[in-house]
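Here the numbering used here is used: the first residue of the sequence shown is 39, the next is one more, and so on.
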Amino acid sequence: MSKSTKSRKPEKPKISKDEKEQVRARRAAGHHEALQFDEYGRQRLIHGTAESVRKYDLSKTGIVRVRNVDPLKGISSLTHKQREAGERYRADFELAAREGLKGASTDVRVDGGSIVQTVSARLIDNHAELAIARDALVYPEIVSVLNAVCGLGMSIKELATREHVVRDIPVQLLRMGLERLVVHYRSRPATRHG
């Protein structure tokens with residue numbers, strides 16, 4: 039048996055230097071929300087969440103600074119109930135974005151049998167809850183602001199720059215949307231994914 043035909047162990051995927059720095063900074067700050075262990079026992083960022091997009095700076099003296107603060111935590115005029123409603127909307131949005139509903143396969147079956155396609159009840163409930171919450175917001179401008187801030191983790195400054203408006207407009211739309219969500223979620227049972 040030659041050396042080239044021997045089976046090799048699969049190699050660990052490399053972690054980028056930027057991701058290593060972000061993991062180190064989050065551990066130093068005690069913010070473990072966006073971290074998970076991979077199959078090799080290394081802590082990695084959970085991709086696809088608003089918290090993983092947030093950037094942390096770790097100085098040589100051990101001081102951690104968050105470059106862009108979460109608007110749900112950074113806007114001091116929001117009430118506790120509004121923050122909770124925003125977190126619940128964020129959880130629904132992120133699950134829907136991360137998992138999504140996969141359509142049925144269009145493969146041709148030779149034997150003529152049916153294709154069994156299952157979608158978990160949790161995902162169906164999640165998409166339904168997100169659609170109902172968006173209907174409760176009524177206005178597409180409010181839905182757009184909540185999707186950007188709660189779902190995509192954009193700051194108010196980034197959103198105002200993208201829309202070419204002053205910062206007060208997205209802040210007011212965010213407050214209005216969160217207040218509508220507070221009323222909406224009071225009448226709804228808790229979601230399955232917590």
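Beta carbons: idealized from backbone N, C-alpha and C, even for Gly.
### Query
What is the DSSP secondary structure of residue 95, reduced to helix, strand or coil?
Within the sequence shown, the letter at position 57 stands for residue 95. Note: residue 95 maps to strand in three-state DSSP.
### Query
Which residues in the same chain as residue 93 place their Cβ atom closer than 6 Å to its Cβ, once the five residues preceding and following it in sequence are excluded?
Along the sequence shown, read from residue 1 onward, the residue named residue 93 stands at position 55. Within the same chain, residue 93 has close Cβ partners 105.
### Task
With a 10 Å radius around its C-beta and 16 neighbouring C-beta atoms as the bar for buried, classify residue 87 as buried or exposed.
Along the sequence shown, one-based indexing puts residue 87 at 49. Its Cβ being crowded by 16 or more others within 10 Å, residue 87 is buried.
#### Entry: Backbone CA spacing between residue 143 and residue 98 [nearest angstrom]
What you label residue 143 is simply residue 105 of the sequence shown in a count that begins at 1. What you label residue 98 is simply residue 60 of the sequence shown in a count that begins at 1. Caution applies to residue 143, whose pLDDT of 49 falls short of 50 and renders its modelled position unreliable; the value that the coordinates give is listed next. Spanning the two alpha carbons is a distance of roughly 52 Å.
### Query
Would the segment 171 to 179 and the segment 217 to 227 be scored as touching if the rule is three or more Cβ pairs under 8 Å?
yes
### Message
Please return the same chain residues whose Cβ sits closer than 7 Å to the Cβ of residue 225, not counting the five positions on each side in sequence.
### Response
On the sequence shown, position 187 is the one that residue 225 refers to. Excluding positions up to five away in sequence, the list is empty.
### Message
Please report the straight-line C-alpha distance between residue 55 and residue 69, rounded to a whole angstrom.
### Response
In the sequence shown, residue 55 corresponds to position 17, counting from 1. In the sequence shown, residue 69 corresponds to position 31, counting from 1. Roughly 19 Å between the two C-alpha positions.
### Query
Ends of the beta strand (DSSP E) at residue 82?
Against the sequence shown, residue 82 aligns to sequence position 44. Residues 81 to 83.
### Message
Taking 8 Å as the threshold (C-beta atoms), are residue 127 and residue 190 in contact?
### Response
Along the sequence shown, one-based indexing puts residue 190 at 152. Along the sequence shown, one-based indexing puts residue 127 at 89. No, the pair does not count as a contact, with Cβ atoms beyond the cut-off.
### Message
Taking only three categories from DSSP, how would you classify residue 161?
### Response
Position 123 of the sequence shown, counting from 1, holds the residue named residue 161. The answer is helix: DSSP assigns residue 161 an H, G or I state.
### Query
If we ignore side chains and look at the alpha-carbon of each, how far apart do residue 199 and residue 212 end up?
Residue mapping note: residue 199 aligns to position 161 of the sequence shown, counting from 1. Residue mapping note: residue 212 aligns to position 174 of the sequence shown, counting from 1. Rounded to the nearest angstrom, the two C-alpha atoms are 16 Å apart.
### Message
Please report the distance separating the alpha-carbon of residue 114 from that of residue 165.
### Response
Numbered from 1 along the sequence shown, position 76 holds the residue referred to as residue 114. Numbered from 1 along the sequence shown, position 127 holds the residue referred to as residue 165. Near 30 Å, if we compare the C-alpha coordinates of residue 165 and residue 114.
### Task
Work out the CA separation of residue 91 and residue 170 for me, nearest whole Å.
In the sequence shown, the residue the question calls residue 170 occupies position 132. In the sequence shown, the residue the question calls residue 91 occupies position 53. Distance between the alpha carbons of residue 170 and residue 91: 27 Å.
### Task
Can you say whether residue 120 is buried or exposed, counting buried as having 16 or more other CB atoms within 10 angstroms of its CB?
Counting from 1 along the sequence shown, the entry for residue 120 is found at position 82. It is buried - the Cβ of residue 120 has at least 16 other Cβ atoms within 10 Å.
### Query
Considering only C-alpha positions, which residue in the set 206, 66, 112 is nearest to residue 264?
Only positions 39 to 232 of the chain appear in the structure, and residue 264 is not among them; the question remains open.
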